[in-house]
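A.B. asks: First to last, the sequence lines map onto chains A and B.
Anchor point for the first sequence: position 31 equals 30 in numbering that gives the first Met the number 0, and the numbering is continuous, going up by one each time.
Anchor point for the second sequence: position 84 equals 83 in numbering that gives the first Met the number 0, and the numbering is continuous, going up by one each time.
Heads up, the beta-carbon is just placed ideally off N, CA and C, and yes, glycines get one too.
Treat the numbers as computed from the prediction; the structure is a model and nothing was measured.
There are 2 protein chains.
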Amino acid sequence: MQPTAHAHRRRTSGRSVTAADVLDAAKTLFALRGYHGTSLKHVAALLEIRTPSLYNHMESKSGLLRDIVMETLADVRHEFEGVLATTATPAGQLAEATRVYALHHATHRREALIVSHETRHLPEPDLGQAQEMRRDHERRFRQIILDGAASGDFSVASPKLASFAIREMCVSVARWFREDGSFTPDDVAEEYARQALKLVGSKP
Amino acid sequence: MQPTAHAHRRRTSGRSVTAADVLDAAKTLFALRGYHGTSLKHVAALLEIRTPSLYNHMESKSGLLRDIVMETLADVRHEFEGVLATTATPAGQLAEATRVYALHHATHRREALIVSHETRHLPEPDLGQAQEMRRDHERRFRQIILDGAASGDFSVASPKLASFAIREMCVSVARWFREDGSFTPDDVAEEYARQALKLVGSKP
DNA sequence: CACACTAACTAACGCCCGTTAGTTCGTCGT
DNA sequence: ACGACGAACTAACGGGCGTTAGTTAGTGTG
């Protein structure tokens, strides 16, 4: 997230900082400089208040990280469940799961980068819970490909490797996507969904 | 790099720590906990010496990071140039470039994770130089796909997106690959090379 | 109009960081 | 046998960190 120096959305009202403002500032800075590379002084400076004032709106620095990570993982799970509920065929499910996952990483870049890079810094038991949520998504995503391979809808050498490749290629969108670049989030999401079907050799 | 707690290779001789030992310990810890999440005390503890003794073998903490990043990027460039020198067709070049890039990320996981996540913490001018080397690889990799699209060897909707997808899927190998898992580095590298050709709709 | 509440502030805490200085001690070449 | 060297050590530095305590001022409510 180095290059695009996009302005940070300041507090909504004219006066007082809210908990949402603090979370938003933390998202920007954790994504840009990393959790340990960001001090609460940086967060406070972005909000134009002094460091101790942050404690009116948050529990602790690690609490900020926990809230960002857990909320994001819950969003992803919710989106994934929406896909399974509305689509039945393996090809449809894989295309949709890929599309919403890629879309999420293009439209929530800061949160996605934080989940990818900073989750490891969570104290237990939050770390274990976060890892379990990620593994759950991993498992269910791979299951779609296994289903497609079993039914003959897909022709894929290694469902496991294909699953890794597709998911990680979506995750990486957060790393290179630029809001002012040549693609809209929907462009990327739809092309990635097509690429996913190619990767697993989906029969037409 | 959280799960596999693989043992750290200790100094080669029976007695004295070398500069290579320090670099090796730093690779392990920077990859595991991140640059700012690792203190020199951690590095020293892994080598079973006191913190100030490190300065007999290194310039500074940021110097360690610089050496790791620059050496890794130079390796990648060298490997890529070897591919271009020995292969002529777009399909051959793409397959080989993908294979060696994926292989590198499976066999040099620590270094790859550090380049991906910690390069941003380099002080200038090292940061600019590192970014330029990465962009150079990016450009030359994409050029292979553009060549293949121009010659009709490939049939691809967006060469730019395909290039992002393929490179990032290789980079991500460092994130999920386990030395004690079901795949050898060569398994992954060769399957990824095939997947790359599928992604760009390689004709023959 | 007084009261409670909230969100800002300053001051201070204990701790850990990267780094430097100065010292000891074993090894090896002369 | 001795002197130089290299690599380890202890002690100490200045500074930044996350966090707590205690205080002030402004806002909205009875």
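Determine the chain B residues that contact Tyr-54/A at a beta-carbon separation under 9 angstroms, and present them in chain order.
C.D. replies: Those do not exist, as Tyr-54/A stays about 22 angstroms from chain B at its closest Cβ, beyond 9 angstroms.
A.B. asks: Closer than 7 angstroms by C-beta to Val-172/A: which residues in its own chain qualify, once you throw out the five before and the five after it? Chain order, please.
C.D. replies: Excluding positions up to five away in sequence, the list reads Ala-101, His-104, Ala-105, Val-187.
A.B. asks: State the start and end residues of the unbroken alpha helix (DSSP H) segment that holds Val-82/B.
C.D. replies: Start and end: 60 to 85.
A.B. asks: Output the distance between the C-alpha atoms of Leu-93/B and Tyr-54/A, rounded to the nearest integer angstrom.
C.D. replies: If you take the alpha carbons of Leu-93/B and Tyr-54/A, they lie about 53 angstroms apart.
A.B. asks: Could you tell me whether any Cβ in chain B is nearer than 8 angstroms to the Cβ of Val-170/A?
C.D. replies: Closer than 8 angstroms: yes.
A.B. asks: Determine the DSSP secondary structure at Ala-18/B, reduced to helix, strand or coil.
C.D. replies: Helix at Ala-18/B.
A.B. asks: Around the C-beta of Lys-202/B, are 16 or more other C-beta atoms found within 10 angstroms, so that it is buried, or is it exposed?
C.D. replies: Counting Cβ neighbours within 10 Å, Lys-202/B comes out exposed, since fewer than 16 surround it.
A.B. asks: Under 7 angstroms between beta-carbons, which chain B residues line up against Gln-194/A? List them in chain order, please.
C.D. replies: Under the 7 angstroms cutoff, chain B gives Ala-164, Leu-198.
A.B. asks: Within 7 angstroms: the Cβ of Leu-31/A and any heavy atom of the ligand ADP?
C.D. replies: The model on display carries no ligand, and the ligand ADP is accordingly not part of it.
A.B. asks: In whole angstroms, what separates the C-alpha of Ser-162/A from that of Leu-63/A?
C.D. replies: Near 31 angstroms, if we compare the C-alpha coordinates of Leu-63/A and Ser-162/A.
A.B. asks: Would you kindly check if the distance between the Cβ of Pro-89/A and the Cβ of Asp-152/A is under 8 angstroms?
C.D. replies: Yes.
A.B. asks: Return the CA-CA distance between Asp-66/A and Gly-36/B, expressed in angstroms with no decimal places.
C.D. replies: So the two alpha carbons sit approximately 20 angstroms from each other.
A.B. asks: Less than 8 angstroms separating the beta-carbons of Gly-200/A and Ser-154/A?
C.D. replies: For Gly-200/A and Ser-154/A, yes; Cβs fall inside 8 angstroms.
A.B. asks: Say whether the segment 105 to 114 of chain A touches the segment 167 to 181 of chain A, bearing in mind that this needs 3 or more beta-carbon pairs closer than 8 angstroms, one atom from each stretch.
C.D. replies: Yes: at least three Cβ pairs fall under 8 angstroms.
A.B. asks: Distance check for Val-75/B and Thr-86/B, CA to CA, integer angstroms please.
C.D. replies: Each residue's Cα considered, the two are about 17 angstroms apart.
A.B. asks: In this structure, how does DSSP classify Val-34/A when only helix, strand and coil are distinguished?
C.D. replies: Val is not the amino acid found at residue 34/A; the sequence shown has Tyr there. Looking at Tyr-34/A - three-state DSSP - the assignment turns out to be coil, as it is neither helix nor strand.
A.B. asks: Return helix, strand or coil for Ala-188/A, following the three-state DSSP convention.
C.D. replies: The answer is helix: DSSP assigns Ala-188/A an H, G or I state.
A.B. asks: Would you check if the distance between the CB atom of Ala-30/B and the CB atom of His-56/B is smaller than 8 angstroms?
C.D. replies: No, these two residues do not count as a Cβ contact at 8 angstroms.
A.B. asks: Please report whether the beta-carbon of Ala-129/B lies at a distance below 8 angstroms from any beta-carbon of chain A.
C.D. replies: No, its Cβ sits nowhere closer than 8 angstroms to a Cβ of chain A.
A.B. asks: Excluding the five sequence neighbours on either side, which residues of its own chain have a C-beta within less than 8 angstroms of the C-beta of Leu-52/B, listed in chain order?
C.D. replies: Per the sequence presented here, residue 52/B reads as Ser, with Leu not at that position. Same-chain partners within the cutoff: Val-16, Ala-43.
A.B. asks: Ile-48/A lies in the alpha helix (DSSP H); which residues open and close that run?
C.D. replies: No alpha helix (DSSP H) holds Ile-48/A; DSSP gives it neither H nor E.
A.B. asks: Identify whether Gly-147/B lies in helix, strand or coil by the three-state DSSP scheme.
C.D. replies: DSSP places Gly-147/B in helix when its eight states are reduced to three.
A.B. asks: Leu-160/A and Glu-190/B: beta carbons closer than 8 angstroms?
C.D. replies: Yes, Cβ-Cβ distance for Leu-160/A and Glu-190/B is below 8 angstroms.
A.B. asks: Which residue from Glu-123/A, Arg-177/A, Cys-169/A puts its Cα closest to that of Arg-193/A?
C.D. replies: Residue Cys-169/A is the option with its Cα nearest to Arg-193/A.
A.B. asks: For Tyr-191/B, return the contacting residues in chain A, with the cut-off set at a CB-CB distance below 9 angstroms.
C.D. replies: Ordered by position in chain A, the residues that pass the 9 angstroms Cβ test against Tyr-191/B are Leu-160, Ala-164.
A.B. asks: Anything in the segment 74 to 104 of chain B with a Cβ closer than 7 angstroms to a Cβ of chain A? List those residues in chain order, please.
C.D. replies: Result list empty, no residue passes.
A.B. asks: Please say whether Leu-198/A and Lys-217/B have beta carbons closer to each other than 8 angstroms?
C.D. replies: Nothing in the structure corresponds to residue 217/B, since chain B is present only between 0 and 203.
A.B. asks: Kindly indicate if chain B contains any beta-carbon less than 8 angstroms away from that of Gly-62/A.
C.D. replies: It does not; no Cβ of chain B falls within 8 angstroms.
A.B. asks: In angstroms, rounded to a whole number, what distance separates the CA positions of Val-21/B and Glu-123/A?
C.D. replies: Each residue's Cα considered, the two are about 29 angstroms apart.
A.B. asks: Determine whether the Cβ of Ala-111/A lies closer than 8 angstroms to any Cβ atom of chain B.
C.D. replies: Not one chain B Cβ lies under 8 angstroms of Ala-111/A.
A.B. asks: In three-state DSSP terms, what is Lys-202/B?
C.D. replies: Three-state DSSP puts Lys-202/B in coil, outside helix and strand.
A.B. asks: For a test of the three-state rule: what should DSSP assign to Phe-29/A, helix, strand or coil?
C.D. replies: The answer is helix: DSSP assigns Phe-29/A an H, G or I state.
A.B. asks: Does chain A have any CB closer than 8 angstroms to the CB of Arg-133/B?
C.D. replies: By this cut-off, Arg-133/B is not an interface position.
A.B. asks: Residues of chain A with CB closer than 7 angstroms to the CB of Ala-44/B, please, in chain order.
C.D. replies: Per Cβ cutoff of 7 angstroms: no residues; Ala-44/B is ~18 angstroms from chain A at best.
A.B. asks: Which residue wins for smallest C-alpha separation from Ala-164/A, given the options Glu-78/A, Phe-140/A, Arg-119/A?
C.D. replies: Ranking Glu-78/A, Phe-140/A, Arg-119/A by Cα distance to Ala-164/A puts Phe-140/A first.
A.B. asks: Quick one, which of Leu-45/B, Gly-33/B, Arg-98/B, Gly-147/B has its alpha-carbon nearest Ala-24/B's?
C.D. replies: Measuring from the Cα of Ala-24/B, the nearest candidate turns out to be Leu-45/B.
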